[in-house]
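2 protein chains.
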Amino acid sequence: MPASPAGSEIEKLIALLAKLPGLGPRSARRGALALVKKREQLLLPLADALADVGAKIKQCGTCGSIDVCDPCQICSAPTRDGAILCVVSEVGDLWAMERAAAFRGRYHVLGGCLSALDGIMPEDLNIAGLIERAAAADITEVILAMNATIDGQTTAHYITDHLRGCGVKISRLAHGVPVGGELDYLDDGTISAAVASRREF
Amino acid sequence: MPASPAGSEIEKLIALLAKLPGLGPRSARRGALALVKKREQLLLPLADALADVGAKIKQCGTCGSIDVCDPCQICSAPTRDGAILCVVSEVGDLWAMERAAAFRGRYHVLGGCLSALDGIMPEDLNIAGLIERAAAADITEVILAMNATIDGQTTAHYITDHLRGCGVKISRLAHGVPVGGELDYLDDGTISAAVASRREF
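Residue numbers (the working numbering), protein chains in the order written: chain V, 1 to 201; chain R, 1001 to 1201.
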């Protein structure tokens, strides 16, 4: 049963849109119709933007992030502190850190998390590159900024074990009550962590 | 504050993705990252599919639907009953009717609904074209398949008033309990309509 009776071109567009995270078959259909309806303002600019990104965006050979240049803007910026490395799982996490503007060092993107369930092994991640960078003389601290999930924390433990010999300080993000968070809605683990890490007021 | 530190190309892609229905800034960022990650399998094919749709899809001059040909496949199919017209607001509604495969006549797409709030007036919709088609000798019935919303029903009433002189039978979709629906979750209006239109068992 085709999703639309408007020909294979639209079918193909809907099938591709449905592969985007968060879009199912129904929202892909809505999206395709919105694109056709706004041909000049949305469909053609989006086609151009995709071709542009496809042609220009590359992975940074140093940190594993994506940018139009290699090394990326963060790796090549002289204003960033080259002594601190922040390790993140995905480029999206790097972007989240940058939006918070709380870190002025450089990054290392692993490209995922260790996961026995999904069959993601240490050699699938950019861990060898991290150990090589951390062993360089100018790195003093590695901040592990993985998600606070089982897989994220497994990855953090694995990396900690392998960075022991590099002689760098290893830290992780603090656990605690999210800013704006309500105790009644928090899980026990977070409350326990927040109590254990309580600070003088 | 940019959504990403990866250059204006990605920014532009995110801004365009965020204009799709159902995608906000956050899901647009996730979508852009997924596209970059799956360059060969997703990004480049999507760019091609968009360019393809942009170049080939046009509006049918007869019914107002979209297709690669004008008149569209439904308007030109000899197997469809040319005596019955089904009036829908949007192309998506036509697709929904076709998926249900419950109608073998032809369609007329208005391109929206009358809406005082959004300032959509009769002249903004393809109503004149409908009256012209309905007045043709070979049309015997017009089915109004607008949404069961205030705007949809206002549009249906407006069209009914203007089709009176054409001498065609005018019908509308039945109201009632959706198949698989539970009474306890239905609104009073639907239950009242279902009782009023009850059928012998």
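Built from N, CA and C at the ideal position, the CB exists for glycine as well.
From a predicted model like this one, the values you see are computed outputs, not experimental measurements.
At least one CB of chain R closer than 8 Å to the CB of residue i: is that the case?
{"i": "Val91/V", "result": "yes"}
{"i": "Arg80/V", "result": "no"}
{"i": "Asp52/V", "result": "yes"}
{"i": "Leu85/V", "result": "no"}
{"i": "Glu9/V", "result": "yes"}
{"i": "Val68/V", "result": "yes"}
{"i": "Lys36/V", "result": "With the sequence shown as reference, residue 36/V is identified as Val, and Lys is not the correct amino acid for it. Closer than 8 Å: yes."}
{"i": "Met1/V", "result": "Low confidence applies to Met1/V: its pLDDT is 47, below 50, so where it sits in the model is not reliable, and the reading given next is rough at best. For Met1/V, the answer is yes, since a Cβ of chain R falls inside 8 Å of its Cβ."}
{"i": "Arg172/V", "result": "no"}
{"i": "Leu16/V", "result": "yes"}
{"i": "Leu42/V", "result": "yes"}
{"i": "Lys169/V", "result": "no"}
{"i": "Arg39/V", "result": "yes"}
{"i": "Ile139/V", "result": "no"}
Looking at chain V, is there any beta carbon in it that lies within less than 8 Å of the beta carbon of residue i?
{"i": "Ala1128/R", "result": "no"}
{"i": "Pro1021/R", "result": "yes"}
{"i": "Arg1104/R", "result": "no"}
{"i": "Pro1025/R", "result": "no"}
{"i": "Val1031/R", "result": "Looking at the sequence shown, residue 1031/R is not Val but Gly. Yes, its Cβ sits closer than 8 Å to a Cβ of chain V."}
{"i": "Ala1047/R", "result": "yes"}
{"i": "Ile1120/R", "result": "no"}
{"i": "Leu1110/R", "result": "no"}
{"i": "Leu1013/R", "result": "yes"}
{"i": "Ser1006/R", "result": "The identity of residue 1006/R in the sequence shown is Ala, whereas the question assumes Ser. So yes, Ala1006/R belongs to the interface."}
{"i": "Arg1199/R", "result": "no"}
Here's the rule: buried if 16 or more other CB atoms are within 10 angstroms of the residue's CB, otherwise exposed. What is residue i?
{"i": "Asp67/V", "result": "buried"}
{"i": "Glu123/V", "result": "exposed"}
{"i": "Gly1152/R", "result": "buried"}
{"i": "Ser171/V", "result": "exposed"}
{"i": "Arg198/V", "result": "exposed"}
{"i": "Gly1061/R", "result": "exposed"}
{"i": "Gly180/V", "result": "exposed"}
{"i": "Val1195/R", "result": "exposed"}
{"i": "Glu90/V", "result": "buried"}
{"i": "Thr1149/R", "result": "exposed"}
{"i": "Asp1093/R", "result": "buried"}
{"i": "Ala101/V", "result": "exposed"}
{"i": "Ala1047/R", "result": "buried"}
{"i": "Arg133/V", "result": "buried"}
{"i": "Cys189/V", "result": "Reading off the sequence shown, one finds Gly at residue 189/V, where the question assumed Cys. Exposed: under 16 other Cβ atoms inside 10 Å."}
{"i": "Gly64/V", "result": "buried"}
{"i": "Leu1183/R", "result": "exposed"}
{"i": "Leu117/V", "result": "exposed"}
Thinking just about the alpha-carbon of each residue, which of the options is nearest to the one in residue i?
{"i": "Ala137/V", "options": "Val179/V, Ser65/V and Leu85/V", "result": "Leu85/V"}
{"i": "Ser192/V", "options": "Asp48/V, Val53/V and Val177/V", "result": "Val177/V"}
{"i": "Ile14/V", "options": "Leu1050/R, Lys1019/R and Leu1016/R", "result": "Leu1050/R"}
{"i": "Val1036/R", "options": "Leu186/V, Leu35/V and Lys19/V", "result": "Lys19/V"}
{"i": "Asp81/V", "options": "Lys169/V, Ile139/V and Gly165/V", "result": "Ile139/V"}
{"i": "Thr160/V", "options": "Glu200/V, His175/V, Glu40/V and Val87/V", "result": "Val87/V"}
{"i": "Cys113/V", "options": "Asp48/V, Gly119/V and Thr155/V", "result": "Thr155/V"}
{"i": "Tyr1158/R", "options": "Met1121/R, Leu1173/R and Phe1201/R", "result": "Met1121/R"}
{"i": "Leu42/V", "options": "Leu1017/R, Ser1065/R, Leu1043/R and Lys1038/R", "result": "Leu1017/R"}
{"i": "Ala1083/R", "options": "Ala1116/R, Glu1182/R, Val1168/R and Leu1125/R", "result": "Val1168/R"}
{"i": "Gln1059/R", "options": "Asp184/V, Leu163/V, Arg39/V and Leu44/V", "result": "Arg39/V"}
{"i": "Cys166/V", "options": "Ala135/V, Gly119/V and Asp187/V", "result": "Ala135/V"}
Quick one: what's residue i bridged to in DSSP?
{"i": "Cys86/V", "result": "Tyr107/V and Ile143/V"}
{"i": "Arg172/V", "result": "Leu144/V"}
{"i": "Lys1019/R", "result": "Paired residue(s): none; Lys1019/R is not in a bridge."}
{"i": "Gln41/V", "result": "None, per the DSSP bridge assignment."}
{"i": "Ile1066/R", "result": "Gln1059/R"}
{"i": "Ser81/V", "result": "Note that residue 81/V corresponds to Asp in the displayed sequence, not to Ser. Bridge partners of Asp81/V: Gly105/V."}
{"i": "Ile127/V", "result": "Looking at the DSSP assignment, Ile127/V forms no beta bridge with any residue, so it has no partner."}
{"i": "Ser1115/R", "result": "Ile1120/R"}
Would you please verify whether the beta carbon of residue i is less than 8 Å from any beta carbon of chain A?
{"i": "Ala145/V", "result": "In the displayed structure, chain A is absent; the protein chains listed are V and R."}
Validate contact between the stretch 1015-1033 of chain R and the stretch 18-28 of chain V using beta carbons, cut 8 Å, 3 pairs: yes
Cβ contact (3+ pairs, closer than 8 Å) linking the stretch 1092-1112 of chain R and the stretch 1145-1161 of chain R: yes
Stretch-stretch touch, CB-based, cutoff 8 Å, three pairs: the stretch 1057-1075 of chain R with the stretch 111-130 of chain V: Touching, no.
Meets three-Cβ-pair contact criterion under 8 Å: the stretch 104-111 of chain V and the stretch 74-83 of chain V: yes
Three CB pairs or more closer than 8 Å across the stretch 53-64 of chain V and the stretch 1009-1020 of chain R: Flag = yes, the stretch 53-64 of chain V and the stretch 1009-1020 of chain R touch.
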